[in-house]
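For reference, the structure discussed in these notes is given below.
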Amino acid sequence: MDANSRQLEQILAVLEAIREQTEPVRDILTVDQAADYLAISNYTLREWVRLRKVPHHKVNKQIRFKKSKLDKWLDRAEVSTTGILYEGF
Numbered sequence: 001m002d003a004n005s006r007q008l009e010q011i012l013a014v015l016e017a018i019r020e021q022t023e024p025v026r027d028i029l030t031v032d033q034a035a036d037y038l039a040i041s042n043y044t045l046r047e048w049v050r051l052r053k054v055p056h057h058k059v060n061k062q063i064r065f066k067k068s069k070l071d072k073w074l075d076r077a078e079v080s081t082t083g084i085l086y087e088g089f
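In this text, residue positions in the sequence shown follow this note's numbering: the first is 1, and each later residue adds one.
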């Protein structure tokens, strides 16, 4: 690989890093998107909404979720381990 090719690869890598940093983060999720993000079914998520177990918003009768609030909710629900963790499990 010649010097120009290496330099081009470096420039492309820098441009990709800049693109990732400047790409807008979508913080508002639909039910489908939030269920995928939480790795649960739509039915379960709608049930949690009905029971007010998960933070959500209603916009024009549409259920929406803020990803940042879901992240905080997940952090609060974290269960710490008490035993020794064994490798291989």
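Idealized CB from N, CA, C, for every residue including glycine. Everything numeric in this text was worked out from a predicted model, so none of it was measured.
Close-in-space but distant-in-sequence residues of the same chain around residue i (CB under 7 Å, 5 per side omitted)
i, result
"alanine 34", "Leu45, Phe65, Leu70"
Helix, strand or coil at residue i [DSSP, three-state]
i, result
"leucine 15", "helix"
"leucine 29", "strand"
"lysine 53", "coil"
"lysine 72", "helix"
"lysine 61", "coil"
8 Å Cβ cutoff met for residue i and residue j
i, j, result
"asparagine 42", "valine 31", "yes"
"aspartate 2", "lysine 67", "no"
Chain D contact for residue i (CB, 8 Å cutoff)
i, result
"tryptophan 73", "Annotation note: the requested chain D is absent from the structure, which comprises a single protein chain."
Residue i versus the options, residue with shortest Cα-Cα distance
i, options, result
"tryptophan 73", "Val59, Val14, Tyr37", "Tyr37"
6 Å CB neighbourhood of residue i in its chain, flanking five on each side removed
i, result
"proline 55", "Lys69, Trp73"
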